[in-house]
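S.K.: Mapping to the working numbering: the sequence shown position 247 is 252, numbers consecutive.
Could you have a look at this structure, given as structure tokens, before my questions?
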Amino acid sequence: MGKSSDTWKEVLIEGKVDTDLVSGAMYSLGCLGIIEDKNRVRVYFESGKSLSKEQIISALEEFGIKGAKISFNTIADDGWSRRWEKYFEPVRIGEKIYIRPPWREKSGGNLVDIIINPGCAFGTGTHPTTQMALFFLEKYLEKGMAVLDAGCGSGILAIAAVKLGAGNVMCVDNDEGIKENFYENISLNGIQEKVELKICDVIDIDDFDFDLIVSNIDIKSNVKLLNSIGKFGEFPPRMIFTGILEKDMENFITQAETFGLKVTNTGTLKEWGAIVF
């Protein structure tokens, strides 16, 4: 988990639901952790987070999930927030990216070693959108590039970018709750001097002087970002968009093409898609 707390707000989502889709919906609301438990998913938020049942249902429906039973609990920490760490195994992505928790040994060889103290499921390298973003970062990032990481969360993509050779990374997220876990991970990887964090909405970004943008956010926010960049009149040489459901990819590409953008590459994993311009 990210932020330390004596209690947590638990949202219990019961029914035959796709955990990856639930993760996407709950990430958009600022979740701190997700645990799958048979035919239910436990989602955790800061205890002070204001959430209604209607908000949860609306977020789930945006990801095509209907009919799930929703309930709320407030639970004491009692050390439970670290018990699930044993389930976080190292992840290998692409040719050389290796993601591990701090309590696991560094891999041998010439792998890019990324240390992540887990928070939300989107930040550990296990979620399909994170995996595709990392895969395309490895493929397209060039040494010295200035990078924008939109929806930075745990900082995993920024860390990968720096370790793959980026000159600097501007990280943007609209959730204050990510800050503690973000800075912890940046420190664990020793890249503080090359990373800057701004807590704001993507529409509040006022400078797009980047060589590469990687955006792992929901489709509505990705469209906002696309339109915001378009207002500046010039798009960065390389852009990676994910956080988009596979069924929505064609629509997003159509909107991007109105700005004269051309698709360079695409990828799909489970229900999710990634698009490179």
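Cβ atoms here follow ideal geometry from the backbone N, Cα and C, with glycine treated the same way.
Report all residues from its chain with a CB closer than 7 Å to the CB of LEU274; omit the five preceding and five following residues, and keep chain order.
M.R.: PRO133, GLN136 and MET137
S.K.: Quick check: the region 179-192 against the region 200-219, are there 3 or more CB pairs under 8 Å?
M.R.: yes
S.K.: Which first and last residues belong to the beta strand (DSSP E) in which THR271 is found?
M.R.: 270-274
S.K.: State the CB to CB distance for the pair LYS168 and ILE119, rounded to an integer number of angstroms; the pair is presumed to be in contact (CB under 8 Å).
M.R.: 7 Å
S.K.: Bridge partners for LEU217 per DSSP, in chain order?
M.R.: VAL152 and ARG243
S.K.: Is it the case that the region 43-56 contacts the region 194-203, given that we only count it when at least three CB pairs across the two stretches are under 8 Å?
M.R.: no
S.K.: By the three-class DSSP mapping on this structure, what secondary structure does ASN298 have?
M.R.: A query on residue 298 cannot be resolved here, the shown segment of the chain reaching from 6 to 282 and no further.
S.K.: Confirm, please, whether the CB-CB distance from PHE264 to PHE237 is below 8 Å.
M.R.: Not a contact, by the Cβ cut-off of 8 Å.
S.K.: Looking at ILE40 and VAL27, is the spacing between their C-beta atoms short of 8 Å?
M.R.: With respect to the 8 Å criterion, VAL27 and ILE40 are not classified as neighbours on the basis of their beta carbons.
S.K.: Quick check: what's the CA-CA separation for ASP11 versus TYR49?
M.R.: 13 Å
S.K.: Alpha carbon to alpha carbon, how far is GLY278 from MET254? Give it in angstroms, no decimals.
M.R.: 7 Å
S.K.: So which of ALA81, PHE140, LEU193 and GLY235 has the shortest CA-CA distance to ARG105?
M.R.: Comparing C-alpha distances from ARG105 to each of ALA81, PHE140, LEU193 and GLY235 shows the shortest one belongs to LEU193.
S.K.: For GLU143, tell me which candidate among SER226, LYS101, LEU250 and LEU37 has the shortest Cα-Cα distance.
M.R.: LYS101
S.K.: Given PHE97, which residues of its chain have a CB within under 7 Å of its CB, disregarding the five upstream and five downstream residues?
M.R.: In the sequence as presented, Phe is not what sits at residue 97; that position holds Arg. Cβ neighbours of ARG97 beyond the five flanking positions: TYR103.
S.K.: Between the Cα of GLU94 and the Cα atoms of GLN60, ALA64, THR131 and LYS71, which residue gives the shortest distance?
M.R.: Residue THR131 is the option with its Cα nearest to GLU94.
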